[in-house]
Amino acid sequence: MTDVAGERTGVPEVAVPSVDVAPESQPIGWRHRHLLDVDGLVAADLELVMRTADAMREVLARPIAKVPALRGRSVTILFYEASTRTRVSFEVAAKNLSADVVNIAASASSVTKGESLVDTVRTIEALGAQMLVMRHGVSGAPYLAAEVFGGSVLNGGDGWHAHPTQALLDLYTMRSRLGGGPSGLGVAGRKVVILGDVLHSRVARSNIWSLTAAGADLWLCGPPTLLRGFEAWAGRGAAAGRRFTVTSDVSAALRDADVVMALRIQRERMSSGLLPSLREYAARYGLTAARVATAKPGALVMHPGPMNEGVEIAADVAAGPQSVITDQVTNGVAIRMALLYLLAGVSPAESAKP
Ligand code: ASP
157 MTDVAGERTG
167 VPEVAVPSVD
177 VAPESQPIGW
187 RHRHLLDVDG
197 LVAADLELVM
207 RTADAMREVL
217 ARPIAKVPAL
227 RGRSVTILFY
237 EASTRTRVSF
247 EVAAKNLSAD
257 VVNIAASASS
267 VTKGESLVDT
277 VRTIEALGAQ
287 MLVMRHGVSG
297 APYLAAEVFG
307 GSVLNGGDGW
317 HAHPTQALLD
327 LYTMRSRLGG
337 GPSGLGVAGR
347 KVVILGDVLH
357 SRVARSNIWS
367 LTAAGADLWL
377 CGPPTLLRGF
387 EAWAGRGAAA
397 GRRFTVTSDV
407 SAALRDADVV
417 MALRIQRERM
427 SSGLLPSLRE
437 YAARYGLTAA
447 RVATAKPGAL
457 VMHPGPMNEG
467 VEIAADVAAG
477 PQSVITDQVT
487 NGVAIRMALL
497 YLLAGVSPAE
507 SAKP
């Protein structure tokens, strides 16, 4: 693979692994045993994930999109909350790497008989799991699982807290589309707007870490009730050299934006009084074609899904020429292959926390 990283300013040099063979058979500069959030990842880690995902994209473009890299390794996918994209793409990713995959929906397991999370995780490990992909409605649950599980835990979304693989596939999608920027991560100096229900969004919370670490000029925008607490975070971020603005002024946020990511209004997590009505929300903050026109020409339109079309995003914008929403889904497979691969190469003894 051509080494373009060194030609760009401020980009760490990373050696891209050969993903056709097992990760433990070669030196890889990755030391994280678990992926619980992106807050512990530095620019070199992000670059390694992006470039490993590039290698996985090459695998996906082959007539037989499969490598034997994780043959003999057992990956269990345990979801306590509904999911289509994240669950399926983890399964496809693990299978593309030739891992053995077990799927558990908590609603059909002994969890319904009152089994605790710790007991469930211990049982899964006793049944041979070496990697555990987990989604849970309670923030922090994967951290508890990581304390008792002997292998690697990958967080597939916990409560309002974190969704690291989504943030990394978002960064990957921006990097692929914005390309040619001053950094190998593609977003340095770019104005990226996250618009909508920030309060309940684990996607936003993880994206804040990865996008600001990658040098983006990040804006969070939504009704004041759905931005509570983020001003203080932005203040601390700015003090640490991260570019991070919080506003309810949708025109100021969208003006000259390079990327606009609309977030789902999370009705299931909404307590009463946060929004007057969905119709008013759509009128004041919905991502319409008229609003997209105030961003930079060709600005990327993103959404982590699932979408409420006509509420946070207009149907014609979601399906329009600037939308990269389908790319996000496709890139999710390459990113999750990259992460399973990188984590599988780390033994407990050599891992950095987390
Ligand atoms: N799919 C994302 C998540 O699980 C976003 C959403 O549900 O709105 O967090």
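For the sequence shown, my numbering gives the first residue as 157, with consecutive numbering after it.
Even for Gly, the Cβ is constructed at its ideal location relative to N, Cα and C.
The C-beta distance from Ala455 to Ala413 rounds to 5 Å, short enough to meet the 8 Å contact threshold. In this structure, DSSP gives Val359 a helical state, which the three-state scheme calls helix.
Secondary-structure assignment with DSSP links His292 through a beta bridge to Asp314. Of the candidates Ala318, Thr208, Trp365, His356, Trp365 places its Cα closest to the Cα of Asp195.
Beta-bridge analysis with DSSP links Trp375 to Val349, Thr401. Secondary-structure assignment with DSSP links Val257 through a beta bridge to Val231.
Annotation: the continuous alpha helix (DSSP H) that includes Met493 extends over 481-500. Asn464 sits away from Arg435, with the two beta carbons spaced by 7 Å or more. By the C-beta criterion, the stretch 171-181 is judged to be in contact with the stretch 484-498, since at least 3 inter-stretch pairs fall below 8 Å. With contacts defined by Cβ atoms closer than 7 Å, Arg358 and Trp389 do not form a contacting pair. For Val248, the uninterrupted alpha helix (DSSP H) segment begins and ends at 241-252.
Rounded to whole angstroms, the separation of the alpha carbons of Pro183 and Val502 is 10 Å. Secondary structure of Glu465 (DSSP, three-state): strand.
Judged by DSSP in its simplified three-state form, Leu430 adopts coil rather than helix or strand.
In the DSSP assignment, Ala418 forms a beta bridge with Leu351. Residue burial is scored here from C-beta neighbours: Pro462 has fewer than 16 other C-beta atoms within 10 angstroms and is therefore classed as exposed. Ranked by Cα distance from Gly442, the first of Leu430, Val473, Pro453, Met426 is Val473. In the three-state scheme derived from DSSP, where H, G and I count as helix and E and B as strand, Leu410 is classed as helix. By the beta-carbon neighbour count (other beta carbons within 10 angstroms, threshold 16), Leu351 is buried.
A distance below 7 Å between beta-carbons, with the five flanking residues on each side excluded, links His459 to the following residues of its chain, in chain order: Met417, Ala418, Ile469, Ala474, Ile481. Listed in chain order, the non-local C-beta contacts of Gly306 below 6 Å within the same chain comprise Glu281, local neighbours out to five positions each way being set aside. The shortest C-alpha to C-alpha distance from Arg227 to any of Ala250, Met330, Asp373, Asp314 is the one to Ala250. Distance between Tyr299 and Ala446, taken at the CA atoms: about 42 Å. The beta carbon of Leu382 sits closer than 8 Å to those of Gly352, Asp353, Val354, Leu355, His356, Leu430, Leu431, all from its chain and outside the five residues before and after it, given in chain order. Annotation for Leu456: the continuous beta strand (DSSP E) segment containing it runs 456-458. Looking from the CA of Val215, the closest CA among Arg187, Tyr236, Pro173 belongs to Pro173.
Minimum Cα-Cα distance from Ala285 among the listed residues Gly296, Leu374, Val304 corresponds to Val304. Put simply, the backbone Cα of Val274 is about 17 Å away from that of Ala264.
Under the three-state reduction of DSSP output, Leu273 falls in the helix class. Shown here, Val205 sits in a helix according to DSSP, grouped into three states. Taking a C-beta distance under 7 Å as the contact criterion, Thr368 and Arg411 do not qualify as a contact pair. Bounds of any alpha helix (DSSP H) do not take in Ala344, whose DSSP letter is neither H nor E. Judged by beta-carbon spacing, Val289 lies within the 7 Å limit of Phe246, meaning their Cβ atoms are closer than that value.
Spatial neighbours of Pro320 in its own chain (CB-CB distance under 6 Å, excluding positions within 5 residues in sequence) are listed in chain order as Leu191, Asp193, Val194, Asn311, Ser362.
Between ligand 1 and the CB of Arg423, the shortest heavy atom gap is not smaller than 6 Å.
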